[in-house]
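Chemist: Structure in structure tokens, see below.
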Amino acid sequence: MFDSDFVSPISSLKRILPENSDVILDLKRDDLIHPFISGNKWRKLKYIIEDAKKTGKKALVTFGGAWSNHLLATACAGAVFNFKTFGIVRGEEEIQNPILSLCKLYGMEIFQVSRSTYRDKNQAREDFFNSYKNKTDALLQDDFYTIPEGGAHPLALKGCSEIIDELPHKYDHIFCACGTATTLSGLIIGVQNNHLETHTQLHGIPVLSGVDYLKEEIENRVPNAQYNWHPQYHFGGYAKTTEELMNFIQSFSSRTGILIEPIYTGKMMYGVLDLIKNAYFKPESKILLLHTGGLTGLLGKNV
Ligand SMILES: *Cc1c(COP(=O)(O)O)cnc(C)c1O
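Residue numbers (our numbering): 821 to 1123.
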């Protein structure tokens, strides 16, 4: 039904390299973990769910925007691991979209709050509990496990660090797309745990603009973090796309049979191929890209 110890395979991306390129380009397929408990969202949830089970919780409550991959992953994981799930969703008017429909199919109850309330997560959570506690079949406050927005929980780092443990050989460079950069922080820990600091360079490609504050957050999570930062591939900001990006994604997917989406993985892939074209890498470098999943992002964008 769902293999929580699934080791994601690695696909070669040789086919999309420029003809004269001699680098090795591989893709770790965390998109294949599950269609909806997808990619890095499962890596983050794995030990959170284990902790919720251990501490006897019955319900998961979390936060997200109406297109959040994390919200959907939590809804689906709740159904698989037998938790009731609640999603506190940003937005004034009642929102209907394919992501929230899927969340509801997996049994998640959606509680919408205004943008200003959403900014204050403690307030949003309190409003949720106040509206919920009058229900006759209400769970007690103690029965709830609260997961931060995007799954950015300390236990998420451990799950993400295991991506490095799974690698069959050493890579010179490893790339991932960054939203909160929790995944990148976990990869940095994985590289440290496996004593690969002198061999493997990590790279983050942020998908938002103006996110230098993320560097501070990475440093807070992992002191002396070593990584490279490529802030020039956000295409205007979070969830912003251009015709060039959509054409690139179409070309990539039609040539490889592997889907990527415009919010995260498309921007990362575009960035890496741009770096290759600009001779950023030494000859014969071994490069691994992390497919962080999230293909439902395609449901909100037309090619
Ligand atoms: C959420 C998400 C990310 C961002 O992960 P962070 O740990 O927040 O940086 C990257 N890729 C996909 C597909 C995602 O859904």
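The beta carbon of each residue, even a glycine, is placed where N, CA and C say it ideally should be.
Identify the residues that DSSP records as bridge partners of A1059: which are they?
Modeler: A1059 is not bridged to any residue.
Chemist: Is it the case that the CB of N1014 approaches a heavy atom of ligand 1 more closely than 7 angstroms?
Modeler: No; taking the cut-off as 7 angstroms, the Cβ of N1014 has no heavy atom of ligand 1 nearer than that.
Chemist: Between L865 and ligand 1, is there a pair consisting of the residue's CB and a ligand heavy atom that are separated by less than 7 angstroms?
Modeler: no
Chemist: Is G859 near ligand 1, judged by its Cβ being under 7 angstroms from some heavy atom?
Modeler: In this structure, ligand 1 has a non-hydrogen atom nearer than 7 angstroms to the beta-carbon of G859.
Chemist: Ligand 1 heavy atoms versus the CB of N1040: any closer than 7 angstroms?
Modeler: no
Chemist: Taking the alpha-carbon of N1044 as reference, which of T937, F883, I1009, S936 has the nearest alpha-carbon?
Modeler: I1009
Chemist: Straight-line CA distance for E1104 to H1019?
Modeler: 14 angstroms
Chemist: Just to check, is the beta-carbon of C998 closer than 7 angstroms to a non-hydrogen atom of ligand 1?
Modeler: yes
Chemist: Ends of the beta strand (DSSP E) at K1106?
Modeler: Run containing K1106: 1106 to 1111, per the beta strand (DSSP E) assignment.
Chemist: Select from A886, Y1084, A895, D871 the residue whose C-alpha is nearest the C-alpha of A1001.
Modeler: Y1084
Chemist: Alpha carbon to alpha carbon, how far is E969 from G884?
Modeler: Their Cα atoms are separated by approximately 6 angstroms.
Chemist: Quick check: the Cα distance between C996 and G1114, rounded to an integer number of angstroms?
Modeler: 13 angstroms
Chemist: First and last residue of the alpha helix (DSSP H) that includes H890?
Modeler: 889 to 901
Chemist: Taking C-alpha atoms, which residue in V1042, V1027, H1050, N1040 lies nearest to H1081?
Modeler: In the sequence as presented, His is not what sits at residue 1081; that position holds Glu. That would be V1027, whose Cα lies nearest to the Cα of E1081.
Chemist: Given a threshold of 16 other Cβ atoms within 10 Å of its Cβ, counted over all protein chains shown, does Q961 qualify as buried or as exposed?
Modeler: exposed
Chemist: Taking only runs of the alpha helix (DSSP H) that begin and end inside the stretch 1013 to 1045, which ones reach a length of at least 4 residues, in chain order?
Modeler: Uninterrupted alpha helix (DSSP H) stretches at least 4 residues long and entirely within the stretch 1013 to 1045 occur at 1033 to 1041, given in chain order.
Chemist: How about H1050 and G1091: are their beta carbons less than 8 angstroms apart?
Modeler: yes
Chemist: Pull up the distance between the alpha-carbon of L987 and that of D823, whole angstroms please.
Modeler: 18 angstroms
Chemist: Only counting runs of 4 or more residues, tell me where the alpha helix (DSSP H) segments fall wholly within the stretch 917 to 990, in order along the chain.
Modeler: 918 to 925, 935 to 939, 941 to 952, 974 to 985
Chemist: Taking 7 angstroms as the cut-off, is the C-beta of L977 nearer than that to any heavy atom in ligand 1?
Modeler: no
Chemist: Where do the ends of the beta strand (DSSP E) carrying T1085 lie?
Modeler: For T1085, no beta strand (DSSP E) run applies; the uninterrupted alpha helix (DSSP H) run containing it begins and ends at 1085 to 1097, by DSSP.
Chemist: State yes or no: is the C-beta of K1097 within less than 8 angstroms of the C-beta of F1055?
Modeler: Taking 8 angstroms as the cut-off, the Cβ atoms of K1097 and F1055 do not count as close.
Chemist: Between G1086 and ligand 1, is the CB less than 7 angstroms from at least one heavy atom?
Modeler: Flag unset: Cβ of G1086 not near ligand 1.
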